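Protein sequence lines, in the order shown, are assigned to chains A and B.
The numbering of the first sequence is our numbering, which starts it at 190 and goes up by one.
The numbering of the second sequence is our numbering, which starts it at 190 and goes up by one.
Data block below; observations after.
Protein chains: 2
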Amino acid sequence: MTDPQPAHEIEAVFRQKGIPFTRQRRQIWDFFAGADRAATITEAADALRGEGVGQATVYRTVQLLSDLGLLARVQDGRGEICFIAPPIGHSHPLICGVCRRVVRFDGDGDVAELEARLAEATGFAIYGHHLEIYGICPSCRAAKEGDHGE
Amino acid sequence: MTDPQPAHEIEAVFRQKGIPFTRQRRQIWDFFAGADRAATITEAADALRGEGVGQATVYRTVQLLSDLGLLARVQDGRGEICFIAPPIGHSHPLICGVCRRVVRFDGDGDVAELEARLAEATGFAIYGHHLEIYGICPSCRAAKEGDHGE
DNA sequence: ACTCCAGTTGAGAACGGTTCTCAACAGTGT
DNA sequence: ACACTGTTGAGAACCGTTCTCAACTGGAGT
Ligand SMILES: [Mn+2]
Ligand SMILES: [Mn+2]
Ligand SMILES: [Zn+2]
Ligand SMILES: [Zn+2]
């Protein structure tokens, strides 16, 4: 439940919509799906530069995957915009502010009541939310304590 | 409780830290505090261009105010990065995806239990969160229905 | 197999938001 | 008045992102 969708399932989504799933698109998907932490577009472009994927294609494909709901945009501890391949279904990221490792969770139960109260109180028609939680992962905590100094 | 802090209270924060509260910094604060909706840095720079505030100063000051926790970064319906002057105390934004009007609320009660569960389950040391809720405000909804078409 | 064709790709140019430079300026203390 | 420190802003530089357009790809039709 925390593993991202394999490429062949993504390919099915593409086919169903009549969108070609090219070699480059697979490589870009694999880059994000294979990472256990959030990555920036620049990092993806750099990693795939030597693999026969142009940077324009990386930008275009990240945009495409985001539009299809197959990539989620988050921000790391320093406010950098990163992307992650979410697992099947709806979830939210718990992000390590140091190494950007991501653990997904489902927090909708907690937010649903809140949204109902807000809709009632404000008259807004609520259509979405954005919830990220930040922390320091166990291994980064250990590394920090090993660090002599604060 | 939903009004932003007046400039003289901000000035007190600056003084207490020994940071000059210049004319330009006041103008930039007033721009964000006076708006009832999220605004981009570019919009602030454009609005203050003729008022004797350079764009470099706008960027520097938004950075400074954010560092001091006096401005919050959010994103609008199209993913644009905007800033808002939060009211006294901790809160979260409910943002209209059409006009970017912002209503603040306190959702920490709902998130606290979730965070405790996550800390327990993952071993992360949680230090913060980012929660935004998106909707369409009553007036934009009315405008949309008045619109003939979907 | 050959052609057709709409969609995709990538090198490089263009673009535009953000940051940097540095000389002028403002404020404070002596 | 003077020195000193921090701020400001016009313009240049920077760099991440988007655009251009010719070459390419792959599927459909014949
Ligand atoms: Mn959710
Ligand atoms: Mn909160
Ligand atoms: Zn970590
Ligand atoms: Zn609205």
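From the three backbone atoms N, C-alpha and C, an ideal C-beta is built for every residue, glycine too.
All values reported here derive from a predicted model rather than from experimental measurement.
Requested in this report: Could you have a look at A261 of chain A and say whether DSSP puts it in helix, strand or coil?
Outcome: Counting from one through the first sequence, the residue named residue 261 of chain A turns up at place 72. Three-state DSSP puts A261 of chain A in a strand.
Report task. Mind checking the region 283-300 of chain A against chain B and listing, in chain order, the residues whose C-beta falls within less than 8 Å of any C-beta there? Result -> Of all residues in the region 283-300 of chain A, L283, C285, G286, V292, F294, G296, D299 and V300 have a Cβ within less than 8 Å of some Cβ in chain B.
Requested in this report: Return the chain-ordered list of same chain residues with a C-beta closer than 8 Å to the C-beta of D265 of chain B, the five sequence neighbours on each side being excluded.
Outcome: By one-based count along the second sequence, residue 265 of chain B stands at place 76. In chain order, A227, C271, I284, G286 and R289 place their CB closer than 8 Å to the CB of D265 of chain B, counting only its own chain and leaving out the 5 sequence neighbours on each side.
Query raised in the report: Ends of the alpha helix (DSSP H) at F220 of chain A?
Result: Position 31 of the first sequence, counted from the first residue, corresponds to residue 220 of chain A. Annotation: the continuous alpha helix (DSSP H) that includes F220 of chain A extends over R212 to G223.
Query - Pair within 7 Å by beta-carbon distance, V261 of chain A and F221 of chain A - result: For the purposes of this step, residue 261 of chain A is taken as residue 72 along the first sequence, with counting starting at 1. For the purposes of this step, residue 221 of chain A is taken as residue 32 along the first sequence, with counting starting at 1. According to the sequence as given, residue 261 of chain A is Ala; it is not Val. With respect to F221 of chain A, A261 of chain A sits apart: the two C-beta atoms are not nearer than 7 Å.
Report task. Within 10 angstroms of the Cβ of H197 of chain A, are there 16 or more other Cβ atoms? Answer buried if so, exposed if not. Result -> Position 8 of the first sequence holds residue 197 of chain A. Classified as exposed, H197 of chain A has fewer than 16 neighbouring CB atoms from the shown chains inside 10 Å of its CB.
Report task. Could you say which of A:C326, A:A331, A:R330 and A:E334 lies nearest to D225 of chain A if we only look at CA atoms? Result -> For the purposes of this step, residue 225 of chain A is identified with residue 36 of the first sequence, where counting begins at 1. Looking at A:C326, A:A331, A:R330 and A:E334, the one whose alpha-carbon comes closest to that of D225 of chain A is A:C326.
**Report entry** Rounded separation between D336 of chain A and Y316 of chain B - CA only
**Finding:** As a working note, residue 336 of chain A is residue 147 in the first sequence. As a working note, residue 316 of chain B is residue 127 in the second sequence. Roughly 20 Å between the two C-alpha positions.
Report task. Return the bridge partner residues of I325 of chain A from the DSSP annotation. Result -> Here residue 325 of chain A corresponds to residue number 136 of the first sequence, with the count starting at 1. In the DSSP assignment, I325 of chain A is bridged to B:A314.
Report task. Please classify R238 of chain A: does DSSP put it in a helix, a strand, or coil? Result -> The residue given as residue 238 of chain A occupies position 49 in the first sequence. The answer is helix: DSSP assigns R238 of chain A an H, G or I state.
Requested in this report: Name, going along the chain, the residues of the region 320-337 of chain B whose beta-carbon falls closer than 8 Å to a beta-carbon of chain A.
Outcome: Across the region 320-337 of chain B, CB contacts with chain A closer than 8 Å involve L320, E321, I322, Y323, G324, I325, C326, P327 and R330, in sequence order along the chain.
Query raised in the report: Quick one: Cα of A314 of chain B to Cα of R330 of chain A, how far?
Result: What you label residue 314 of chain B is simply residue 125 of the second sequence in a count that begins at 1. What you label residue 330 of chain A is simply residue 141 of the first sequence in a count that begins at 1. Looking at the backbone, the Cα of A314 of chain B and that of R330 of chain A are separated by about 8 Å.
Query - Distance, H279 of chain A Cα to D299 of chain A Cα - result: Numbered from its first residue, the first sequence carries residue 299 of chain A at position 110. Numbered from its first residue, the first sequence carries residue 279 of chain A at position 90. The alpha-carbon of D299 of chain A is positioned some 14 Å away from that of H279 of chain A.
Requested in this report: For I208 of chain A, count neighbouring C-beta atoms within 10 Å of its own C-beta (all shown protein chains included) and say buried if the count is 16 or more, exposed if not.
Outcome: Your numbering for residue 208 of chain A matches position 19 in the first sequence. By the neighbour-count criterion, in which a residue is buried when 16 or more other Cβ atoms sit within 10 angstroms of its Cβ, I208 of chain A is exposed.
Report task. Could you give the DSSP three-state label for R204 of chain B: helix, strand or coil? Result -> Numbered from its first residue, the second sequence carries residue 204 of chain B at position 15. Helix at R204 of chain B.
Query raised in the report: In angstroms, rounded to a whole number, what distance separates the CA positions of A233 of chain B and A310 of chain B?
Result: Indexing the second sequence from 1 puts residue 233 of chain B at position 44. Indexing the second sequence from 1 puts residue 310 of chain B at position 121. Distance between the alpha carbons of A233 of chain B and A310 of chain B is about 43 Å.
Report task. Find the nearest neighbour of I387 of chain B within the set B:R238, B:T229, B:E321 and B:L259, judged by alpha-carbon distance. Result -> Since the first residue shown for chain B is 190 and the last is 339, residue 387 of chain B is missing from the structure and cannot be characterised.
Query raised in the report: Residue range of the alpha helix (DSSP H) that R249 of chain A falls in?
Result: Taking the first residue of the first sequence as position 1, residue 249 of chain A is located at position 60. Going by DSSP, R249 of chain A is part of the alpha helix (DSSP H) stretching over Q244 to D256.
Query raised in the report: Apart from the five residues on each side of it in sequence, which residues of its chain come closer than 6 Å, Cβ to Cβ, to V291 of chain A?
Result: One-based indexing of the first sequence puts residue 291 of chain A at position 102. R226, A227, I273, P282 and I284.
Report task. Taking 7 Å as the limit, tell me which residues put their C-beta closer than that to any heavy atom of ligand 3, in chain order. Result -> The set of residues with a C-beta under 7 Å from any non-hydrogen atom of ligand 3 comprises A:C285, A:V287, A:C288, A:R290, A:I325, A:C326, A:S328 and A:C329, given in chain order.
Report task. Have a look at H318 of chain B and D256 of chain A and give me their C-alpha separation to the nearest angstrom. Result -> Working through the second sequence from its first residue, we reach residue 318 of chain B at position 129. Working through the first sequence from its first residue, we reach residue 256 of chain A at position 67. H318 of chain B and D256 of chain A have their C-alpha atoms some 25 Å from each other.
Query - DSSP three-state assignment for P193 of chain A, whether helix, strand or coil - result: If you number the first sequence from 1, residue 193 of chain A lands on position 4. Look at P193 of chain A here: in three-state DSSP terms it is strand.
Query raised in the report: Tell me, which residues are paired with C271 of chain A by DSSP?
Result: In the first sequence, residue 271 of chain A corresponds to position 82, counting from 1. DSSP lists A:V263 as partners of C271 of chain A.
Query raised in the report: When burial is assigned at 16 or more other CB atoms within 10 Å of the CB, is G239 of chain B buried or exposed?
Result: Position 50 of the second sequence, counting from 1, holds the residue named residue 239 of chain B. It counts as exposed.
Requested in this report: Answer with buried or exposed for G324 of chain B, where buried requires no fewer than 16 other C-beta atoms within 10 angstroms of its C-beta.
Outcome: Counting from one through the second sequence, the residue named residue 324 of chain B turns up at place 135. Buried, by the Cβ-count rule.
Query raised in the report: Should D297 of chain B be listed as close to ligand 2, given that the test is whether its C-beta is under 6 Å from any heavy atom?
Result: Numbered from 1 along the second sequence, position 108 holds the residue referred to as residue 297 of chain B. Under cutoff, so the answer is yes.
Query raised in the report: Would a check of beta-carbon distances place T250 of chain B closer than 7 Å to chain A?
Result: In the second sequence, residue 250 of chain B corresponds to position 61, counting from 1. With respect to chain A, the C-beta atom of T250 of chain B has no partner C-beta closer than 7 Å.
Query - Contact set for Y248 of chain A: own chain, Cβ-Cβ below 8 Å, skip 5 residues either direction - result: Translated into positions along the first sequence, residue 248 of chain A becomes position 59. Excluding sequence neighbours, Y248 of chain A sits near I230 and A234.
Requested in this report: Would you please verify whether the beta carbon of H279 of chain B is less than 7 Å from any beta carbon of chain A?
Outcome: Within the second sequence, the letter at position 90 stands for residue 279 of chain B. Not an interface residue.
Query raised in the report: DSSP three-state call for R226 of chain A: helix, strand or coil?
Result: On the first sequence, residue 226 of chain A is found 37 positions in, with the first residue counted as 1. Collapsing the DSSP output to three states places R226 of chain A in a strand.
**Report entry** Where R330 of chain A falls: helix, strand or coil (DSSP)
**Finding:** Looking up residue 330 of chain A in the first sequence gives position 141. Looking at R330 of chain A - three-state DSSP - the assignment turns out to be helix.
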